[in-house]
Amino acid sequence: MLIQTSIEKEIKDFIKKEFAGEDFDSNILASIQVDIPKKVGFGDLATTCPLNLAKWLKLPPIKLAEKIKNHLDQTLSEFCLQIDIAPPGFLNFHLTSGAFAGLIDSLNNEDLISVNHGKDKPSLLIEYVSANPTGDLHLGHGRGAVVGSALVSIIKATGRDVKSEFYINDAGEQIQKLGRSAWKLYKGEAHSEGDEYPKELIEPYVQNLSDNLDFNELTSIVKDRILNKQKEVLASIKVEYDKWVSEKQDVHEKGLLEKTLQQLKGKGLTYEKDDALWLSSSNLGDERDRVLLKSPTQPNEARKPTYLTADIAYHLNKLERANELLDIFGADHQGQEISLKKSLEALGEKPENLNILFIQFVSLSEGGQEVKMSKRTGSVIAVEEVVEKVGSDAFRFMLLASSVNNRVVFDIDLAQRSDDQNPVFYVQYAHARACSILRNATESFFDGSPPIVTKDELKTSLTNISIINVALNSSNEKEIQSTKELIIKLSYFNNEVNRSADTLNPSSLAHYLLDLAALFHNFYTNCRAINKENKELTLARLSIIQAFQKVLNKGLSLLLINAPERM
RNA sequence: GGGCCAUUACCUCAGUUGGAUAGAGGACUCGGCUACGAACCGAGGUGUCGGGGGUUCGAAUCCCUCAUGGCUCACCA
-17 MLIQTSIEKE IKDFIKKEFA GEDFDSNILA SIQVDIPKKV GFGDLATTCP
33 LNLAKWLKLP PIKLAEKIKN HLDQTLSEFC LQIDIAPPGF LNFHLTSGAF
83 AGLIDSLNNE DLISVNHGKD KPSLLIEYVS ANPTGDLHLG HGRGAVVGSA
133 LVSIIKATGR DVKSEFYIND AGEQIQKLGR SAWKLYKGEA HSEGDEYPKE
183 LIEPYVQNLS DNLDFNELTS IVKDRILNKQ KEVLASIKVE YDKWVSEKQD
233 VHEKGLLEKT LQQLKGKGLT YEKDDALWLS SSNLGDERDR VLLKSPTQPN
283 EARKPTYLTA DIAYHLNKLE RANELLDIFG ADHQGQEISL KKSLEALGEK
333 PENLNILFIQ FVSLSEGGQE VKMSKRTGSV IAVEEVVEKV GSDAFRFMLL
383 ASSVNNRVVF DIDLAQRSDD QNPVFYVQYA HARACSILRN ATESFFDGSP
433 PIVTKDELKT SLTNISIINV ALNSSNEKEI QSTKELIIKL SYFNNEVNRS
483 ADTLNPSSLA HYLLDLAALF HNFYTNCRAI NKENKELTLA RLSIIQAFQK
533 VLNKGLSLLL INAPERM
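At position 379 of the first sequence (counting the first as 1) the number is 361 in this note's numbering, and the numbers step up by one without a gap.
Printed below as a string of structure tokens:
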């Protein structure tokens, strides 16, 4: 068990026992957390829990801190060299070198991520990107793709049952419009701007076709080609799905629309007006009523469903396959939220089982200037164009680094740089550097001299706490400090992954990896690992580097970013 | 006009269950390799946390209000 977890548990047990008469709820005990202190002078670990608990236990924080300290002095003396109380009620912990060695030992020998955290959580189905198959994926889709795929990967790692889907909007007006645009190109008719898709955009998909296609055949082929292209682009940035759902085939043609309409009618939520079928959603708390079936454009034509109708049906279907849903949509789709949620609620679903994450827009800057249009197509900038220039890793990291609530300016020049200014490069370099040291130490040194230690010796020392201990036994304050800070940060990896999963925020993990890389570079500079005069120290530091390499590698893989051994 | 999101250093941005002196990178000035990868590290100063109220021992963080900007308010998806 991690030392911080042990401290938390000790405090919780102590509070429960000491204040057995008090009537406190579980939230209070959950607020007992041991964290990395903000400043070096505040010890190796710290907690604010005396401050948080004071009002519930009706004690001055400083008194409570003393009580807790006195108890922990008894029970944690093996790990804690010293516990300080800082006004108005902080507890700061100074750990023994054995405690640090123990942390490295568990990182090297246990699973980095415990699958207990998400194991008992409700199953989750994440829908993301879900673009229309009517054109190239733009940067907004790219951001959704990157965030969604990272979240799926992170949440899965915590042990939770999670699945991903892409909902193909291949029914409806936009597809008809695509068909009309393609048909004109196919027949060599004049293109009219305004009610059609840009010629540059669809032209590549209307080539090498046989001569006698009808309108529906052509539409279908063009749509499939565009969809396949989207799949290729997504795959190029490591985005894959458990399931691709076609609105047409899996919702419309499976009769889900009729079923949904019957349910809504059964609840008395629909009415007829102007030849259309309406949902009386204003009664549900929406700002106005919504159309479910459009009035026919031709006499005797069947009424077509709106997007909302299919969306409700699809979400009901998803709720049959998972307990909770997460949709990742662009900020321009906010309008959907209320009517969708209210409709599902009216049909007996719990609204809290549908969570929608709205992603703000992405713009592009190149040469210090904002790029509004793609030079290639004259239209929106395609994911493909940017990925060709910067690669998948930089594309992913840059888009993951910002909070989804913030608009982002993708700096294409920065993403192409090969130095510390480019964050993805900086992190990957740390990994390559760690790998290089491990290679040099166990295979052959850069100058051709034989290795200092064998792989077996390193392997053995990874489980030998007394050897790892040596890394903390230095008289040099800088060496000690950078070693401690790196180890503590490493030990929080599992927490960071869980937090990232719970808050649906992959950017916090990306920032953690950046911080971690910085601490490693600092450790590297202060603590020379390979020391021909001191084999034990070499092994001790190699075991820390090994732990770092393992954590960083895992962290990057959760974000679906490569961790190169050489670069 | 209604709704959602934002506003933190000169610039780009981190910072959630309220906690210690508000952070990082860039830009600017210095310093560190007879090289475990200098593709790196270190030192230097910067703030009315958009304005104004409120809640309390304590607010960038919670509440109210105003301002500015983005998105959105279809029988499009």
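Beta carbons are placed, not taken as given, at the ideal position from N, Cα and C, and that holds for glycine.
**Item:** Pick from Leu239, Leu382, Ile462 that is closest to Asn299, judged by C-alpha positions
**Value:** Leu239
**Prompt:** Just the Cα atoms here: how many angstroms apart are Ile419 and Ala511?
**Reply:** 8 Å
**Message:** Once the 5 residues before and after Asn544 are set aside, which same chain residues still bring their CB inside 6 Å of it?
**Reply:** Asp375
**Prompt:** So, is Phe148 buried or exposed, given that buried needs 16 or more other C-beta atoms within 10 angstroms?
**Reply:** buried
**Message:** Within 10 Å of its beta-carbon, does Lys471 have 16 or more other beta-carbons around it, so buried, or fewer, so exposed?
**Reply:** buried
**Asked** Considering only residues of the same chain and omitting the five flanking positions on each side of Glu461, which have a CB-CB separation below 6 Å?
**Response** Asn508, Cys509
**Asked** CA-CA distance, Asp484 and Ala153?
**Response** 34 Å
**Item:** Residue from Lys225, Arg285, Lys166, Glu269 whose Cα sits closest to the Cα of Thr604
**Value:** A question about residue 604 goes unanswered here, because the residues of the chain that appear run from -17 up to 549.
**Prompt:** What residue does the beta strand (DSSP E) around Val144 start on, and which one ends it?
**Reply:** 144 to 150
**Prompt:** What residue from Arg389, Leu381, Glu425 has the CA that sits closest to Val129's CA?
**Reply:** Leu381
**Prompt:** Count the other CB atoms within 10 Å of the CB of Val97; is the residue buried (16 or more) or exposed (fewer)?
**Reply:** exposed
**Asked** How should Asp293 be labelled, buried or exposed, when 16 other C-beta atoms within 10 angstroms of its C-beta is the threshold for buried?
**Response** The residue is buried, with at least 16 neighbouring Cβ atoms inside 10 Å.
**Asked** Comparing alpha-carbon positions, which option in Ile363, Leu77, Glu48 lies nearest Ser59?
**Response** Leu77
**Asked** Would DSSP call Phe392 helix, strand or coil?
**Response** It is a strand residue.
**Prompt:** Given that a residue counts as buried once 16 or more other Cβ atoms are within 10 Å of its Cβ, and exposed if not, what is Pro104?
**Reply:** exposed
**Item:** Minimum C-alpha distance to Tyr223 - residue among Val134, Leu41, Glu547, Ile67
**Value:** Val134
**Request:** My understanding is that Pro19 touches Pro32, with C-beta atoms under 8 Å, so please give their C-beta distance in whole angstroms.
**Result:** 15 Å between Cβ atoms; not a contact.
**Message:** Quick check: what's the CA-CA separation for Ile526 versus Pro69?
**Reply:** Computed Cα separation, rounded: 34 Å.
**Message:** Once the 5 residues before and after Ile106 are set aside, which same chain residues still bring their CB inside 8 Å of it?
**Reply:** Here residue 106 is Leu; the residue named in the question, Ile, does not match the sequence. Here the set comprises Ile137, Arg142, Asp143, Val144, Lys145, Ala304, Asn305, Glu306, Leu307, Leu308.
**Request:** Find out if the Cβ-Cβ distance for the pair Ile341, Gly126 is shorter than 8 Å.
**Result:** yes
**Asked** Could you check where the beta strand (DSSP E) with Cys417 kicks off and where it finishes?
**Response** Premise fails: Cys417 lies in the alpha helix (DSSP H), 405 to 424, not in any beta strand (DSSP E).
**Prompt:** Is it a yes or a no for the segment 363 to 372 touching the segment 388 to 396, going by three-plus beta-carbon pairs under 8 Å?
**Reply:** Taking a contact to require three or more Cβ pairs closer than 8 Å, the segment 363 to 372 and the segment 388 to 396 qualify as touching.
**Message:** Going by C-alpha to C-alpha distance, which of Tyr289, Asn282, Ala364, Leu444 sits closest to Glu182?
**Reply:** Ala364
**Request:** Would you check if the segment 473 to 489 and the segment 427 to 438 touch, i.e. whether three or more CB-CB distances between them fall below 8 Å?
**Result:** Taking a cut-off of 8 Å for Cβ pairs, the segment 427 to 438 and the segment 473 to 489 do not touch, as fewer than three such pairs fall below it.
**Message:** Short of 7 Å in beta carbon distance, which residues of its chain neighbour Pro333, apart from the five on each side in sequence? Order them along the chain.
**Reply:** So the qualifying residues of the chain are Lys323, Leu326, Glu327.
**Message:** Could you tell me which whole alpha helix (DSSP H) segments of length 4 or greater appear in the segment 211 to 297?
**Reply:** Entirely contained in the segment 211 to 297, the alpha helix (DSSP H) runs reaching 4 residues are, in chain order, 238 to 248.
**Message:** Under 8 Å: do the segment 81 to 89 and the segment 440 to 457 share three or more Cβ pairs, one atom per stretch?
**Reply:** yes
**Prompt:** Can you find at least 3 beta carbon pairs, one from the segment 193 to 210 and one from the segment 267 to 277, that sit closer than 8 Å?
**Reply:** no
**Asked** When you compare only the Cα positions, how much space is there between Arg389 and Ile310?
**Response** 15 Å
**Asked** Expressed to the nearest angstrom, what Euclidean distance is found between the alpha-carbon atoms of Ala313 and Phe343?
**Response** Between Ala313 and Phe343, the alpha-carbon positions lie close to 7 Å from each other.
**Asked** According to DSSP, is Ser525 helix, strand or coil?
**Response** helix
**Prompt:** What's the C-alpha gap between Leu39 and Ile(-3)?
**Reply:** 9 Å
**Message:** Quick check on Leu346: does DSSP put it in helix, strand or coil?
**Reply:** strand
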